[in-house]
Each structure stands twice: as C-alpha cells, then as structure tokens.
Amino acid sequence: FFFLLLLLSLLLSLLLLSSSSSSSSSSSSSGERLFTAEELKQYSGDNPKLLVAVLGEVYDVSKGRKYYGKGGGYEFFCGRDGSRAFKTGDFSPKGLIADVSGMTYEDYAAIEQWRKFYADHKTYTFAGKLIGPFYDQNGQPTETLQRVRHGVKEHDQFMELQRAQEQLFTKCNSNWSQAEGGYVWCADGQYPRKAILDKPDGGVSERCACLTESQLDNKPEESTEILKQYPGCRKKQKYCQSVQPGRSKSTTH
C-alpha cells in the first residue's frame, strides 16, 4: 500500500512538472514563442538573455548588453513592453507601459518606427510575442493592435498627402521672438497664407504657404488644404504677423 501511494505521488509530480513546463513555453499556431508578462520580467538586468517588447513583439537584445544590461542607458526597456514610453519619453514605472489608449495616429506611427528598428536590426532578433494588449493567448492580434495598425496606415497616407500639398506652394520664410512674436514672408510676387489640412484622427495640421497672384484667385484643383489670410494681413501683403508677441513659437505657422 505504501509503495502504491509513493508511485501515485511520483506520477502526480511528473504531471504537474509537465504542465508547468508546457505553460512556460507555450507557442502560437505558427510556432512562435508566446510570453506572459511574468515570464518576460525574468529577461532583464543580469540575466544572460535580455528581451525587449514593443507593440507586443519580443526581441532579443542580448548582444546590446552595453545598452540594455545592468546599468545600461536602456536597461529600463528590458523585461517589459514599454510601448507608450517609446513616444512619450516617460521612463518612470508609470510611463513604461504597453497601454496606448488616448494616443494619436502620429503617436502610433512613432512607436511603429521603433518596432521596425528592432525588426530590421542586424544584431537583435525576434524572440516571440507577448500575451497582453496586442496579442491574445493564441498569438493573434487583438483589436488594440488592429487599431494601431489602422492608425499607422492612415498616418502614412496623410503624410503622403501633406508632402504632395507642400509641392504645390513654396514654403514661407519665418522668424519668431518672445518680444515681437512670429512673422512669415514670401519672395516678391508671392503672398503668405495659412494652409490648413485636416488630420485623419481629428485635429489639423497648419503651415505657411506662399501663393502666386494667380493662385490667390484660382486655387489649384490638386490642393485640398484650406487657405486663409493671416489676421490683420492684406490680400497682397507679403510680410505678415503669424503669432502675437508673448505667445509660443509652436503657433508660428
């Protein structure tokens, strides 16, 4: 009887060990390693293997130990998905999080650039996916990741449109000082206008564009920007105040 109990105990231990081993090395249907947040935490500091996650993709940065290891300048990125911090620059525990809620398409695109940096790196290698906001327990993209990808695509298309618009009109010259405010001006025969383009996720992009006399009266068909005179600036005035004294330089255009 004692021998039977011992045998059953041994079998139970083997089953538990097998289950534990299976859960800690789970993989997706495509064979990619799936990490839990707890597992990922192990791969930081003095660990021989150093892992970084961005938008749910895990990368082995062990060969960059000088930067990602104990005491390195990017040590805080290891063992976690700190996607939000790649854009915000907030490297505190509260900032090093995967949550990207409330961020703009432009923010998504900035984080995506970092994902591409790791994906295309000659030394760092793809190690798997992190179960969390971006990938589910089967390694499939979540709604959050799909939203990010959509935002990145929309932002890229917007940037293409913006570049095309910038080819239609010459860029203004500009100057700003705290005391005098901001001014914009154009070469002879051209006149400054505030060019406004709607962003795909709300908000607007503003710049100063120089229009010729013919363009003032006949806006090019290719132009999708809203063109406005600067307040207090006459129709054919080539030197205009764009920002009142004391206001931020960021509002110059």
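Residues -22 to -1, 1 to 231 in mature numbering (1 follows the signal peptide of the UniProt record, and there is no 0) are what the sequence shown lists, from first letter to last. Note that the Cβ used here is the ideal one computed from N, Cα and C, for glycine as well. The structure displayed is predicted, hence computed values, not measured ones.
Annotation: E90 to R62 spans about 11 Å, alpha carbon to alpha carbon. Beta-bridge pairing by DSSP links G159 to S155.
In the three-state scheme derived from DSSP, where H, G and I count as helix and E and B as strand, S8 is classed as coil.
R225 is the residue among G23, S40 and R225 whose C-alpha sits nearest the C-alpha of Q156. Pairing L194 with K177 gives a Cβ-Cβ distance that is not under 8 Å. For Y169, the enclosing beta strand (DSSP E) starts and ends at Q168 to D176.
Between R171 and L189 a beta carbon distance of about 5 Å is seen, short of the 8 Å cut, so the two are scored as contacting. With a cutoff of 8 Å on beta-carbon distance, C56 and V30 are scored as near each other. In this structure, DSSP gives Q91 a helical state, which the three-state scheme calls helix.
When C-alpha distances from G129 are compared across G110, E84 and E138, the shortest belongs to E84. Spatial neighbours of A187 in its own chain (CB-CB distance under 6 Å, excluding positions within 5 residues in sequence) are listed in chain order as F147, R171 and A173. Q219 and Q124 have their alpha carbons spaced roughly 43 Å apart.
In this structure, L12 lies near G106, with their beta-carbon atoms less than 8 Å apart.
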